[in-house]
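Quick note: the sequence shown uses UniProt numbering, first residue 1, plus one each step. A virtual CB, placed ideally from N, CA and C, is assigned to each residue, including glycine. Remarks on the structure that follows.
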Amino acid sequence: MTRATRFGVITIVVGIAVLGLKYLAYRLTGSIALYSDALESIINVATAVITVVALSVSAMPADANHPYGHNKAEYLSAVLESTLIVFAALTILREAYQGFMNPRPLDAPVLGMAINLGATLINGAWGTLLMRYGRRWHSPALVADGRHLWTDVVSSIGVVIGVALVALTGWTRLDSIIAGLVALHILWSGWQLMRDSVGGLMDEALSREIVDDVRQIIRDHGTGALQAHTLRSRRSGPRVFIEFNLVVPGAMSVGAAHAICDRLETAIHGYIEGSSIVIHIEPEQQAVASPEVRIS
């Protein structure tokens with residue numbers, strides 16, 4: 001079991017504990033907003049299970065049918081997770097509408113808010129850890145799970161504010177209004193997550209900053225070559241793929257050209273751990289007028 005998978009398993013346990021606390025808060029108060037918050041926690045548990053499965057699949061080594069590995073399973077997980085977030089938001093909107101049309105007074109709002117806030121603190125702490133280590137390990141599934149938990153944190157805070165205002169003013173319809181606003185926020189977060197995940201599935205290039213750094217590495221460590229062009233890059237889960245054409249003097253031996261490639265690969269590996277690099281050697285007759293990297 002990989003370290004990312006272990007984090008995913010812990011997320012399931014955390015999600016079940018938070019779900020229990022939030023459902024208890026709903027049962028104590030009868031608040032539609034707290035019920036909606038508990039409903040989203042069910043989605044948290046479901047997506048945590050999906051994440052563990054995706055991380056397990058992505059950790060499988062490359063094989064004959066998948067020579068580039070199984071890393072994109074994490075992006076599929078993130079897409080499915082964002083879909084579930086949207087579904088939860090629509091369900092919350094439905095409950096908010098029904099609550100608005102048929103309002104009811106709240107029971108034990110102070111105790112319910114206290115329990116809900118305790119569950120929110122747990123979600124916030126764990127979501128922060130997921131995003132921190134997900135970025136460190138280049139795991140989009142963990143980052144997606146962390147973002148989802150923080151979306152839940154924001155919505156939970158909104159729910160508690162709504163319940164507090166209902167208790168103070170006696171305006172019971174405000175409970176449903178707050179729940180509806182939180183659902184709209186969840187919809188927006190789900191859309192952003194889906195957009196980022198689709199970018200990974202579509203082999204979106206690395207950021208401009210990273211690509212510029214790779215070009216500089218080629219300039220610094222490509223001594224002996226003439227230029228580099230057609231640099232392409234993409235990320236697949238924790239793995240990064242980089243390829244480019246390297247133009248060398250026509251009279252250079254294969255051994256000398258290979259030594260330059262080894263030097264470049266070592267330098268790029270030092271900058272992007274776990275990267276897969278393909279360098280295509282070309283003679284100087286293949287030089288282009290405006291190369292991406294001019295070495296000498």
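Tell me the DSSP bridge mates of I241?
Note that residue 241 corresponds to Phe in the displayed sequence, not to Ile. Answer by DSSP bridge pairing, in chain order: R234 and S276.
Given residue 303 as reference, the closest of R208, L168, R6 and I42 once Cα atoms are compared:
It is not possible to answer for residue 303, since the shown part of the chain is limited to 1 through 296.
Does G146 get closer than 8 Å to chain C when you measure Cβ to Cβ?
The chain inventory of the structure shown lacks chain C, comprising one protein chain alone.
Consult DSSP for V154 and reduce its assignment to one of helix, strand or coil.
helix
Supposed close pair N116, L34 - CB separation, criterion 8 Å:
Right, the Cβ-Cβ distance comes to about 6 Å (below 8 Å), so this counts as a contact.
R104 (DSSP reduced to helix, strand or coil)
In the three-state scheme derived from DSSP, where H, G and I count as helix and E and B as strand, R104 is classed as coil.
Taking the DSSP output, what are the residues bridged to E292?
In DSSP, E292 forms no bridge with anything.
Using CA atoms only, rank isn't needed, just tell me which of E204, N123 and D152 is closest to V86.
D152
Figure out for me which residue from F7, Y75 and I32 has the closest Cα to the Cα of R173.
I32
Cβ of I244 within 8 Å of Cβ of R232?
Before going further, note that residue 244 is Phe rather than Ile in the sequence given. Yes, the pair counts as a contact, with Cβ atoms nearer than the cut-off.
At what residues does the alpha helix (DSSP H) containing E209 begin and finish?
R208 to H221
Alpha carbon to alpha carbon, what distance is there between S236 and L76?
11 Å
Along the chain, where does the alpha helix (DSSP H) that runs through N65 open and close?
Note, N65: premise wrong, no alpha helix (DSSP H); not H, not E.
Pick from A62, I268 and I92: whose alpha carbon is nearest that of L187?
I92
Within the same chain, show all residues whose beta-carbon is closer than 7 Å to that of L39, passing over the 5 residues directly before and after it, in chain order.
A88, T91 and I92
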